[in-house]
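Residue numbers (the numbering used here): 594 to 993.
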């Protein structure tokens with residue numbers, strides 16, 4: 594297996610062999626990702642498109658119940674002669690899964706970057722393992738894109754695309770490409786996981802959401818409520834965190850109300866641009882709040898949308914025991930990317946722009962550009978205002 598550093602130049606062969614990423618390829622894949630939420634059978638072809646885009650040999654997408662060590666959802670693509678031995682004989686021998694708790698959400702990791710997480714012996718242990726000797730090397734496999742999509746006390750979700758020795762070295766541009774898709778896949782598997790308990794009982798979108806224990810609301814682009822399942826009706830009747838004012842959905846926590854409305858609007862105009870916005874939005878300033886996920890519907894089939902006016906489905910997961918770190922909550926409220934979230938964390942820690950650049954291993958100009966985007970998203974003017982806002986929004990130890 595190659596032990597190569599990440600580089601920014603893009604091999605010409607890579608550009609020639611990849612689908613046209615400047616045209617409709619990426620938006621079409623994003624549409625397919627969202628279509629796969631209600632129609633799970635579409636995941637196979639969607640994953641194949643992601644694998645092709647990444648110039649991978651095989652790909653796997655899974656949500657695992659960690660309490661029972663069983664898959665709640667799993668799909669894969671690639672040569673069965675490669676996949677079957679992996680799943681049958683070697684899956685439990687992959688040492689990289691121990692790195693998952695340290696991986697940032699939505700950030701693609703390569704073999705080298707996972708080595709860095711696991712310590713100085715990781716590379717040698719991997720090279721000397723049975724899976725490398727019997728499966729990786731004979732099949733000329735080499736590297737991977739591995740993305741953490743879900744890290745909860747009882748759930749983990751990951752996307753992995755495995756590459757071979759004939760593929761040009763993974764570049765920074767490749768990492769950025771998969772980073773662009775990652776939040777869309779994360780939203781799809783997060784909402785799909787809420788469906789899973791009912792998926793075997795019904796295959797129609799409305800039937801599924803009516804049977805969910807989780808509140809689900811279908812709204813127009815102006816937040817007018819088109820449909821609410823029984824759990825959502827009960828939540829609206831409580832008139833606490835969520836309410837209906839003349840048929841328009843409203844959230845008590847102002848920051849959540851703004852974030853959800855923004856995600857609905859953005860998903861209606863351009864679901865590809867939705868990115869990390871609208872996932873895990875906290876509905877209260879609390880350590881373990883209820884959270885909302887926004888699924889764009891404007892481009893979905895009418896049988897899925899339930900109405901011509903339907904712009905989005907809002908799924909609400911009840912408050913639980915798992916705390917939501919302050920930085921994760923703030924990133925969800927303002928739609929910060931993984932890189933922007935790291936920079937915001939450094940600002941909260943009191944680092945200067947030059948110190949942030951040094952800590953991140955990037956130029957001062959890059960940090961300046963990232964900060965400008967963060968200031969725009971959070972409506973702050975400088976690092977001091979951003980730090981104050983983050984302290985103001987940091988959840989307290991108990992719900993308020």
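For every residue, glycine included, the Cβ atom is placed at its ideal position computed from N, Cα and C.
Three-way DSSP call (helix, strand, coil) for residue i in this model
i           : result
residue 901 : coil
residue 807 : coil
residue 963 : helix
residue 638 : helix
residue 854 : helix
residue 817 : strand
residue 772 : helix
residue 633 : helix
residue 944 : coil
residue 623 : helix
residue 872 : coil
residue 888 : strand
residue 934 : helix
residue 971 : helix
residue 696 : coil
residue 794 : With a pLDDT of only 41 at residue 794, under the threshold of 50, the placement of this residue in the model should not be trusted, and no figure is reported.
residue 955 : coil
residue 660 : coil
residue 687 : coil
residue 726 : helix
residue 767 : helix
residue 758 : coil
residue 847 : helix
residue 736 : strand
residue 712 : coil
residue 983 : helix
residue 706 : helix
Buried or exposed (CB count within 10 angstroms, at least 16 for buried), residue i
i           : result
residue 630 : buried
residue 976 : buried
residue 903 : buried
residue 947 : exposed
residue 781 : buried
residue 674 : exposed
residue 984 : exposed
residue 981 : exposed
residue 794 : With a pLDDT of 41 at residue 794, under the threshold of 50, the modelled position of this residue cannot be trusted; read the value that follows with caution. With fewer than 16 other Cβ atoms within 10 Å, it is exposed.
residue 969 : exposed
residue 720 : exposed
residue 813 : buried
Whether residue i touches residue j by CB criterion (9 Å)
i            : j           : result
residue 687  : residue 741 : no
residue 783  : residue 693 : no
residue 821  : residue 805 : no
residue 844  : residue 885 : yes
residue 940  : residue 950 : no
residue 763  : residue 703 : yes
residue 657  : residue 785 : no
residue 816  : residue 854 : yes
residue 756  : residue 648 : yes
residue 747  : residue 660 : yes
residue 751  : residue 655 : yes
residue 893  : residue 986 : no
residue 1031 : residue 836 : There is simply no residue 1031 to check, as the chain begins at 594 and stops at 993 in what is shown.
residue 924  : residue 869 : yes
residue 705  : residue 738 : no
Supposed close pair residue i, residue j - CB separation, criterion 8 Å
i           : j           : result
residue 963 : residue 933 : 6 Å
residue 753 : residue 653 : 5 Å
residue 857 : residue 887 : 6 Å
residue 912 : residue 979 : Not really, about 27 Å apart at Cβ, beyond 8 Å.
residue 944 : residue 931 : Rounded, the Cβ-Cβ distance is 18 Å, inconsistent with contact.
residue 909 : residue 808 : 4 Å
residue 905 : residue 860 : 6 Å
residue 778 : residue 967 : Their Cβ separation, rounded to whole angstroms, is 24 Å, which puts residue 778 and residue 967 out of contact at 8 Å.
residue 874 : residue 852 : 5 Å
residue 620 : residue 788 : 24 Å between Cβ atoms; not a contact.
Neighbourhood of residue i by C-beta distance below 6 Å, restricted to the same chain and skipping five residues each side
i           : result
residue 724 : 683 and 686
residue 900 : 819
residue 848 : 926
residue 689 : 707
residue 695 : 710
residue 802 : 809 and 822
residue 733 : 757 and 758
residue 698 : 741
residue 628 : 635
Cβ neighbours of residue i in the same chain (closer than 7 Å, five flanking residues each side left out)
i           : result
residue 942 : none
residue 957 : 946, 947 and 950
residue 582 : Residue 582 is absent from the structure shown; the chain starts at 594 and stops at 993.
residue 678 : 728
8 Å Cβ shell around residue i - same chain, five flanking residues per side excluded
i           : result
residue 850 : 843 and 844
residue 663 : 657
residue 929 : 869, 923, 937, 967 and 970
residue 665 : 656, 657, 658, 748, 786 and 789
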